[in-house]
Amino acid sequence: MRILGHDELPSELKPEAHLLDFSAGWGPMDFRRIEAARRVGYPAPKYFGVYAVEGNKILSTVRVIRFPFTLPDDSVETATGIQGVASRRDKRRKGLAGRLLEEVHAREAGEGIRLSFLWTSRTNSAHHLYEKLGYRDIYTPDLAFRSSPRAKPKTPYFLTPAKKSDVALLERLYASSTRRRTGFVPRPRGLLRSLMELGFVKLDSIMMVNRGKEKVGYVEMQASPSWVKVSELVTTEARPDGDGLISAVELAASDKLLAFWNTLVRDFRAALLKRRYSVSDLAYYGLMATQLKGRKDNYLARTLGTASLRFSCQGYDYF
């Protein structure tokens, strides 16, 4: 068995890579899109990912990104994100994913990177594998939920659809609102634009938050016929009116079921509870982390500050 990086993969094996993507339920990150991702600044290492190859078959793959991560002492490190792990169903539990992850860890540590993160479910059968490789559960996103009220509340804010010309402003609003935060900040420059150009984020899911004539933030709203999920809510105001912001989102959601997700639930917890939302931090899906080098830290969640109110994790920080 050979372990190859993206650029080392023979062209005749590209259909095999797409087939594995489809079998894992990802949809293909086809090779043209990978080249496009590189051009628009998508934050992946040069090798993009690794593949376990045997003969003319791809047996397993791991995809990788990199991003800045701010620690509680305000120092910023480049961290690794394990974006995806997939093996052929007939090759599961053969140790392939573990070998590829060890290869990625070695490559990333060789580049001086100390921390690696991944998102997974605690019910995922691979969770035990990640623990064997040193990963630990460090953060579970908060969730707030209720039916949108039928009464129309008063609020100083109103929402308007974001335009293509707003993309640079969206990134500035996020950077300004998280300047004193820790965690997944600052975001790689141009990340939102690259996610849009690659089709991972749709502009029509973003609404600008307006107060008077000023755009003071934005909200990302994923809508279905019966519910709306809010995974990003950003405001640059030093003392935002939390009750008014939640009310503005409720107005936009009409009478649908409404869910808020991630650290924005901590940020606006008082307003959410006042408006009778049910709040939980018991989701199965969560963030794991491990150290790739240095002395082992038995209190990694505390060291990374994920329980702090300064910790920031929003929708576009998932990978």
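Quick note: the sequence shown uses this note's numbering, first residue -13, plus one each step.
Glycine included, each C-beta is placed from N, C-alpha and C at the ideal position.
Whole-Å CB distance - residue i paired with residue j, under 8 angstroms assumed
i      : j    : result
S46    : A10  : The pair is not a contact, with the Cβ atoms about 10 angstroms apart (cut-off 8 angstroms).
S240   : T141 : That belief does not hold up - the Cβ atoms of S240 and T141 are roughly 15 angstroms apart, past 8 angstroms.
I(-11) : V36  : 6 angstroms
L178   : V171 : L178 to V171, Cβ: 13 angstroms. No contact.
L129   : A257 : The pair is not a contact, with the Cβ atoms about 15 angstroms apart (cut-off 8 angstroms).
L159   : T222 : 6 angstroms
L115   : I68  : The pair is not a contact, with the Cβ atoms about 11 angstroms apart (cut-off 8 angstroms).
G272   : T168 : So it is not a contact: roughly 18 angstroms between Cβ atoms.
L286   : I124 : 6 angstroms
Sequence-distant residues of the same chain with beta carbon closer than 8 angstroms to residue i, five excluded per side
i    : result
L119 : G84, L87, E88, H91 and T276
L268 : T126
R166 : R296
V153 : L178, R179, M182 and L189
Selected residue, minimal CA-CA separation from residue i, among the options
i     : options                   : result
E236  : R252, V205 and E223       : V205
L57   : F305, D303 and F297       : F297
E(-6) : V39, R100, L155 and L181  : V39
G203  : P211, M194, S210 and E2   : M194
S210  : A293, L243, A95 and H4    : L243
G280  : L231, F53 and R100        : R100
D16   : P29, F34 and G27          : F34
M274  : Y121, Y28 and R24         : Y121
G185  : L(-1), V26, G96 and H(-8) : V26
K324  : N196, G230 and A238       : Missing from the structure shown is residue 324; the chain here goes from -13 to 305 and no further.
Y270  : H113, T249, R255 and K43  : H113
G301  : T292, L259, W247 and A293 : W247
P(-4) : L6, G41, R24 and G96      : G41
L5    : L145, R75 and A23         : R75
D190  : G98, Q208, R108 and K138  : Q208
G96   : R173, R79, R108 and T64   : T64
Distance cut-off 7 angstroms: residue i Cβ against heavy atoms of the ligand MG
i    : result
R261 : This structure simply doesn't include the ligand MG, nor any ligand for that matter.
Sequence-distant residues of its chain with Cβ nearer than 6 angstroms to residue i (five each side left out)
i    : result
S102 : T66, T276 and L278
G70  : R49
V220 : L159, Y160, S163, G203 and Y204
E218 : E206, Q300 and G301
Separation of residue j from residue i, as counted between CA atoms
i    : j     : result
G228 : S264  : 16 angstroms
S151 : E157  : 12 angstroms
R262 : R132  : 7 angstroms
L181 : T106  : 21 angstroms
E21  : Y304  : 21 angstroms
G198 : Y143  : 7 angstroms
N284 : E200  : 46 angstroms
W12  : C299  : 23 angstroms
G81  : R136  : 54 angstroms
E94  : S212  : 43 angstroms
E183 : Y28   : 10 angstroms
F389 : T249  : Because the chain spans -13 through 305 in this model, residue 389 falls outside it and cannot be assessed.
G230 : S111  : 42 angstroms
P147 : L(-1) : 42 angstroms
S134 : P54   : 36 angstroms
S266 : P31   : 35 angstroms
A224 : N196  : 15 angstroms
A307 : R24   : There is no way to answer for residue 307, as the model of the chain reaches only from -13 to 305.
P226 : R175  : 26 angstroms
K138 : K260  : 16 angstroms
Minimum Cβ-Cβ distance from residue i to chain C less than 8 angstroms
i    : result
A257 : Going by chain labels, chain C is absent from the structure shown, which holds only one protein chain.
Close Cβ partners of residue i (< 7 angstroms) along its chain, the five nearest in sequence each way excluded
i    : result
K77  : L45 and S46
D59  : none
R252 : D128 and L295
K43  : E2
R173 : Y160
Every unbroken alpha helix (DSSP H) inside the segment 215 to 255 [4 residues or more]:
228 to 239 and 250 to 253
Taking only runs that begin and end inside the segment 51 to 128, name each unbroken beta strand (DSSP E) of 3 or more residues, in chain order.
62 to 73, 101 to 107 and 122 to 125
Considering only residues of the segment 12 to 53, which uninterrupted alpha helix (DSSP H) runs meet the minimum length of 4 residues and lie entirely inside it, listed in chain order?
Complete alpha helix (DSSP H) runs here, min 4: 17 to 25.
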